[in-house]
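To keep things clear, I will list the structure first and then write my remarks on it.
Residue numbers (our numbering): 22 to 314.
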C-alpha cells in the first residue's frame, strides 16, 4: 500500500523534545519500519495522486488559509478513491467550529460559545452579558494557529466593534469567554485508533493567552485522573470512532473538563512526550493500512 504523507510547503515550527522531532523524525521512522510512505505537499500540482492508496494528513497547516482549494483537493483525492486518514466526512465536519454546537447538544461540557455569521454588524455588548464575562475571545470558525484571534474587553466594546465588523466580513466567527483557567494550562488528550496514548499540558507565557510554542508557550507531560481520560475518551468515541488520531483539547474548570476543541485534521500529537507514543502511532497506522487491503 502506497501512502502519501501530507505536509505543506511552509515552516514547521515545533522543535525537538526528548531526542525526537515529530516533524522531522516521524516520517523516517515510519519508512524504517517498512511502510511505503512518501511526503507530499497537498497543493503541489505536480503530484500524481492516483499512484497512492492512502493519504495521511500530518501537517497541511495552511488548509484554513486556502480553504476552497483544500476542499477541491479533498474532492479530487476522494474521486480517486484514496483512503484519507482521518476520513473525509470527519475532516469536513471538523473544519468548522460550528461542530461544537453538536458536541454541546450531545450533553458534553464545552467552553460557552456564541457564533456570529459573516456580515455581522451589531452591538458587541450583549455578548459579554450572554457569556457572563468581561473579556471575550473571538476567532474564526475556520482557523488555525490563533490566526485572527483577539481579546475583546467589555469596557472597549464600542472601540472594538469596527475591528470585529472587518473580521466578520470574511466569514463566521465564534465568541467565547476568556477563561482564567487557560493560565493553568490547556490539556491535550491524545488517542490513537480510539485508544488513549498520553496527555500534555500547554501553558501560555506570562501575560498571554496563546499556548502555542511559537508564542512562547510551554509544554509538560501530564498524568490526569482516570475520570478525565474517560471523558476525553467518550468524546473521541462519540465523534471520531474510526479516527487514526484524535486530540481532545480543553480546560479544567472547577473540577470539570470542558472541551475547547476536537483536533481531527492536522494536530501536532506530541509524540515525543511519551516513550511509547511513536511506536503506538506506527501500530495504529499499520492497523489502518491493514483495514484498507
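Don't be surprised by glycine CBs; every beta carbon is placed ideally from N, CA and C.
Selection from 173, 114, 301 and 73 that minimises the alpha carbon distance to residue 215: The option with the nearest alpha carbon to residue 215 is 301.
Where does the unbroken beta strand (DSSP E) through residue 194 begin, and where does it stop? Element bounds for residue 194: 194-198.
Boundaries (first-last residue) of the alpha helix (DSSP H) holding residue 114: 109-115
In chain order, which beta strand (DSSP E) runs of at least 3 residues are fully inside the stretch 52-85? 57-62 and 75-78
Measure how close the beta-carbons of residue 137 and residue 194 come, nearest whole angstrom, since I'm counting them as under 8 Å. 5 Å
Contact set for residue 142: own chain, Cβ-Cβ below 6 Å, skip 5 residues either direction: 186
For residue 249, which three-state DSSP category applies? Note: residue 249 maps to helix in three-state DSSP.
Span of the alpha helix (DSSP H), counted from its first residue to its last, around residue 96: 88-100
Should residue 154 and residue 198 be called a contact, given that it needs their Cβ atoms to be closer than 7 Å? yes
Of the residues 108, 83 and 40, which one's Cα is nearest the Cα of residue 32? 83
Give the single residue among 266, 217, 87 and 190 whose Cα lies nearest to the Cα of residue 247. From the listed residues 266, 217, 87 and 190, the smallest Cα separation to residue 247 is found for 217.
Of the residues 298, 279 and 265, which one's Cα is nearest the Cα of residue 106? Cα-wise, what sits closest to residue 106 is 265.
Would you list the residues sitting across from residue 161 in a DSSP beta bridge? Beta-bridge annotation (DSSP): residue 161 is paired with 194.
Just how far apart, CA to CA, sit residue 207 and residue 129? 17 Å
Residue 134 and residue 121: beta carbons closer than 7 Å? yes
Endpoints, the alpha helix (DSSP H) within which residue 149 is located: Its alpha helix (DSSP H) spans residues 146-152.
Less than 6 Å between C-beta atoms, sequence neighbours within five positions excluded: which residues of the same chain meet that for residue 73? The beta carbon of residue 73 is closer than 6 Å to those of 23, 25 and 103 in its chain, skipping five residues each way along the sequence.
Reduced DSSP secondary structure (H/G/I, E/B, other) of residue 130: coil
According to DSSP, is residue 255 part of a helix, a strand, or is it coil? helix
Where does the unbroken beta strand (DSSP E) through residue 282 begin, and where does it stop? 277-284 is the span of the beta strand (DSSP E), which, as asked, contains residue 282.
My understanding is that residue 50 touches residue 274, with C-beta atoms under 8 Å, so please give their C-beta distance in whole angstroms. About 37 Å; that fails the 8 Å criterion.
Using a threshold of 6 Å, is the CB atom of residue 212 nearer than that to any non-hydrogen atom of the ligand ATP? You won't find the ligand ATP in this model; it holds no ligand whatsoever.
If you draw a straight line from the C-alpha of residue 65 to the C-alpha of residue 285, how long is it? So the alpha carbons of these two residues sit roughly 23 Å apart.
Measuring CA to CA, which of 307, 313, 296 and 280 is closest to residue 118? 280
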